[in-house]
Amino acid sequence: MDVKTQARDTGVRGRYAPSPTGDLHLGNLRTALLAWLWARRAGGRCVLRVEDLDLPRVRAGVTERMLADLRWLGLDWDEGPAEGGPYGPYRQSERAALYEHALARLRAQGMLYPCYCSRAELARIASAPAPGEDGPRYPGTCRHLTPREREARERAGRRPAWRFHVPPGVVTFTDALCGPQAQDVAATVGDFIVQRSDGIIAYQLAVVVDDGWMKINQVVRGADLLSSTPRQILLARALGWPIPTYAHVPLLTDATGAKLSKRDRAAGLEPLRAAGMTPEAVIGRLAAGAGLIPEPVPISARELVAMR
Ligand code: GLU
Numbered sequence: 173m174d175v176k177t178q179a180r181d182t183g184v185r186g187r188y189a190p191s192p193t194g195d196l197h198l199g200n201l202r203t204a205l206l207a208w209l210w211a212r213r214a215g216g217r218c219v220l221r222v223e224d225l226d227l228p229r230v231r232a233g234v235t236e237r238m239l240a241d242l243r244w245l246g247l248d249w250d251e252g253p254a255e256g257g258p259y260g261p262y263r264q265s266e267r268a269a270l271y272e273h274a275l276a277r278l279r280a281q282g283m284l285y286p287c288y289c290s291r292a293e294l295a296r297i298a299s300a301p302a303p304g305e306d307g308p309r310y311p312g313t314c315r316h317l318t319p320r321e322r323e324a325r326e327r328a329g330r331r332p333a334w335r336f337h338v339p340p341g342v343v344t345f346t347d348a349l350c351g352p353q354a355q356d357v358a359a360t361v362g363d364f365i366v367q368r369s370d371g372i373i374a375y376q377l378a379v380v381v382d383d384g385w386m387k388i389n390q391v392v393r394g395a396d397l398l399s400s401t402p403r404q405i406l407l408a409r410a411l412g413w414p415i416p417t418y419a420h421v422p423l424l425t426d427a428t429g430a431k432l433s434k435r436d437r438a439a440g441l442e443p444l445r446a447a448g449m450t451p452e453a454v455i456g457r458l459a460a461g462a463g464l465i466p467e468p469v470p471i472s473a474r475e476l477v478a479m480r
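FYI, this note's numbering numbers position 55 of the sequence shown as 227, with every residue one higher than the one before it.
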């Protein structure tokens, strides 16, 4: 029987949201498996969303290979670019109107301001010693510009980025894997960019808008995004979206402990497939690496759903 038809539909909605900036490597695929499994085991729906917002960095053909790789592994989606669904389109590059709508709402609430800081200015800020992993805090340089100062910058041909005015206070949430988290976003990150000066919507905003409209209530993704979560919670609150549950899964590293890179084809499926590995053999390896099964024996993604 098809996994999809087994789903009890408990109202859980999970997603996997890869960026097509390079072929998925085994670390990405392990995260995909975990996100898919987490939703499937909860009797939920799995949504696939292609995060191709940053078009200059998106490489031709990668999206199609990404979708094919996931399918080859046996990960199926209830909604996605190929499947369609009620909350599409499922490619960020086709969702511009929704991001504009969110920006307009935030602007109307006085929560955004234009930032004219030049690259040189931002580089100066960036070279300041930073206490945290998120880099130096934006000091709010453009927050209090007068209308006249803004006009002068516009007249000089400067195109602004838009920043979210971060409210003071500590954001807390409990991650299903990493435990209780707390971050004072205003004190550590400061007002962050939601739209770049070239018009591209920032990841932080797009992900919140998409998860909101797509009614995602379960986010399972790589641990590299744990520190983005408080910013996303602030945006979700400002836009009136419910906050999903979060589970940030450990990143896969290579033998030297370095993060895998999408540029490194050796870290992807291709060499394994070329060596004759079956989807089940790859899933077994990913599942054993994630501690789901004791040994890397061949197993299908579907069989993992039933195993608890
Ligand atoms: N598109 C992001 C990535 O590929 C993931 C975004 C998310 O899961 O929130 O790293």
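C-beta: ideal position from N, C-alpha, C; glycine also. Here the structure is a predicted model, which is why all the values come from computation and not from measurement.
- By a beta-carbon distance limit of 8 Å, Asp181 does not contact Val234. Their separation comes to about 32 Å.
- Between the segment 324 to 343 and the segment 366 to 381, the count of Cβ pairs shorter than 8 Å is three or higher; the stretches touch.
- Setting aside the 5 residues that flank it on each side, Ile388 is surrounded in the same chain by Arg185, Arg187, Pro416, each with a C-beta closer than 6 Å to its C-beta; the list follows chain order.
- Counting C-beta pairs with one atom in each stretch, the segment 260 to 277 and the segment 218 to 226 have three or more that are closer than 8 Å, which means they touch.
- Closest in alpha carbon position to Tyr285, among Arg263, Arg277, Asp241, is Arg277.
- Relative to the ligand GLU, Val338 has its C-beta separated by 7 Å or more from all heavy atoms.
- Annotation for Tyr285: the continuous beta strand (DSSP E) segment containing it runs 284 to 287.
- Bounds of the beta strand (DSSP E) holding Arg217 are 217 to 220.
- Looking from the CA of Leu411, the closest CA among Lys434, Asp383, Lys431 belongs to Asp383.
- Every alpha helix (DSSP H) of 4 residues or more that sits fully in the segment 360 to 416 is shown, in chain order, as 375 to 385, 401 to 411.
- The beta carbon of Ala408 sits closer than 7 Å to the beta carbons of Val380, Gly384, Ile415 from its chain, once the five residues preceding and following it are set aside; these are given in chain order.
- In this structure, Arg331 is the residue among Arg263, Arg331, Ala295 with its C-alpha nearest to the C-alpha of Ser369.
- The C-beta distance from Trp210 to Val392 rounds to 5 Å, short enough to meet the 8 Å contact threshold.
- With the rule of 3 Cβ pairs closer than 8 Å, the segment 248 to 255 does not count as touching the segment 450 to 465.
- At a cut-off of 7 Å, the beta-carbon of Ser399 does not count as near the ligand GLU: no heavy atom of the ligand is closer than that.
- Glu223 has its Cβ nearer than 7 Å to a heavy atom of the ligand GLU.
- The Cβ-Cβ distance between Tyr310 and Phe364 falls below 8 Å.
- Boundaries of the alpha helix (DSSP H) around Arg320: 319 to 327.
- In summary, Arg221 is buried, with 16 or more beta-carbon neighbours lying within 10 Å of its beta-carbon over all protein chains present.
- Beta-bridge partners assigned by DSSP to Lys431: Thr425.
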